[in-house]
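Asker: Protein chains in written order, with my numbering: chain A, 1 to 129; chain B, 1001 to 1129.
What follows is a structure written as structure tokens; I'll ask about it next.
Number of protein chains: 2
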Amino acid sequence: MTTWLDDVRWNADGLVAAIAQDAATQRVLTLAWMNREALVQTDATREAHYWSRSRGRLWRKGESSGHVQRVREIRLDCDGDAIVLQVEQAGGIACHTGRERCFYRLLDDGAWVETDPVLKNPREIYKDG
Amino acid sequence: MTTWLDDVRWNADGLVAAIAQDAATQRVLTLAWMNREALVQTDATREAHYWSRSRGRLWRKGESSGHVQRVREIRLDCDGDAIVLQVEQAGGIACHTGRERCFYRLLDDGAWVETDPVLKNPREIYKDG
Chain A
1 MTTWLDDVRW NADGLVAAIA QDAATQRVLT LAWMNREALV QTDATREAHY
51 WSRSRGRLWR KGESSGHVQR VREIRLDCDG DAIVLQVEQA GGIACHTGRE
101 RCFYRLLDDG AWVETDPVLK NPREIYKDG
Chain B
1001 MTTWLDDVRW NADGLVAAIA QDAATQRVLT LAWMNREALV QTDATREAHY
1051 WSRSRGRLWR KGESSGHVQR VREIRLDCDG DAIVLQVEQA GGIACHTGRE
1101 RCFYRLLDDG AWVETDPVLK NPREIYKDG
């Protein structure tokens, strides 16, 4: 009945890595983790759901920030242990630091250099959260 | 001396997830894992090196297939546990199945559908390997 879920090679913690890529800019925004329920919810609602390892619970991306990820496409890799989502990123901000993407640090001559601006103060993003 | 390596949040197995994205097409090609040495080698040689979890050894991408990944950019995410590489993919084939990318399966109405063609027979790719 749910054979597509069985094609995913869940790790020992029951999780699979999920990359979110901006459908418009093609930038890689986030890498997060999904359990079975998160993937089912992502497919059913077409909004990205993840398993928060730090909070130990299902997490609808944007539930407190409003920065939801509308899902256009869900892809699985050859060995079934990674997913790529094509998403429309609400607010143009995917990172909890208020930046477009989490990958805002570039390795430059032996140092990580911040290349991306903070678009919104996190205190403003999470004031109701 | 190697503080940039200490900014990476290595997991319990000493690994960090590494996404490779094609610098030309912006497609996400692969998700693999790096240990400390793999990241050092990737930076030093500007060719992607990973830790092969199945083989339990350092692995220079393309060492047997010739499908090396020339690295243009190395980025780290906000919490330090994921990397994105911008790469030039030799041969235009990143996947061991002979496809451009590993993410060739699309979720479509409850089934994973293969959307990408095999560009080269894996037997031809690995005949010397």
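Quick reminder that beta carbons are idealized off the backbone N, C-alpha and C, glycines included.
Could you check whether Ala20 of chain A and Lys61 of chain A sit closer than 9 Å to each other, using their CB atoms as the reference points?
Answerer: Yes. Within cutoff.
Asker: Exposed or buried, Arg75 of chain A, counting other C-beta atoms within 10 Å across all chains shown (16 or more means buried)?
Answerer: So Arg75 of chain A counts as buried.
Asker: Who are the Cβ neighbours of Val68 of chain A in its own chain at under 7 Å, not counting the five residues just before and after it?
Answerer: Glu47, Lys61, Gly62 and Ala90
Asker: Taking 9 Å as the CB-CB cut-off, is Gly1110 of chain B touching chain A?
Answerer: Among the CB atoms of chain A, one or more fall inside 9 Å of the CB of Gly1110 of chain B.
Asker: Taking only beta-carbon positions, decide if Ala82 of chain A is within less than 9 Å of chain B.
Answerer: yes
Asker: Is DSSP giving Asp7 of chain A helix, strand or coil here?
Answerer: coil
Asker: Ignoring anything shorter than 4 residues or poking outside the region 1022-1063 of chain B, list the alpha helix (DSSP H) runs there in chain order.
Answerer: For the region 1022-1063 of chain B, whole alpha helix (DSSP H) runs of length 4 or above, ordered along the chain, are 1036-1045.
Asker: Rank A:Leu107, A:Asp116, A:Pro122 and A:Arg101 by C-alpha distance to the C-alpha of Ala32 of chain A and give the top, closest one.
Answerer: A:Arg101
Asker: When you compare only the Cα positions, how much space is there between Glu73 of chain A and Leu1119 of chain B?
Answerer: 23 Å
Asker: Would you report the Cα separation of Gly1056 of chain B and Asn1035 of chain B, rounded to the nearest angstrom?
Answerer: 11 Å
Asker: In whole angstroms, give me the CA-to-CA distance for Ala1094 of chain B and Cys1078 of chain B.
Answerer: 26 Å
Asker: Keeping to the same chain, check which residues put their C-beta closer than 8 Å to that of Arg1009 of chain B; ignore five residues upstream and five downstream.
Answerer: Val1016, Asp1079, Gly1080 and Asp1081
Asker: Does the distance from the C-beta atom of Leu1029 of chain B to that of Val1113 of chain B stay below 9 Å?
Answerer: no
Asker: Helix, strand or coil for Arg1123 of chain B? Go by DSSP, reduced to three states.
Answerer: helix
Asker: Do you know offhand how far Leu1058 of chain B's Cα is from Trp1051 of chain B's?
Answerer: 5 Å
Asker: What do you reckon, is the C-beta of Arg1055 of chain B under 8 Å from a heavy atom of the ligand SAM?
Answerer: In terms of ligand content, the structure shown is empty, and the ligand SAM therefore cannot be addressed.
Asker: Using a Cβ-Cβ cut-off of 9 Å, state whether Thr97 of chain A counts as contacting chain B.
Answerer: yes
Asker: Using C-beta distances below 7 Å, list every residue in its chain close to Pro1122 of chain B, excluding the 5 sequence neighbours before and after it, in chain order.
Answerer: His1096, Thr1097 and Gly1098
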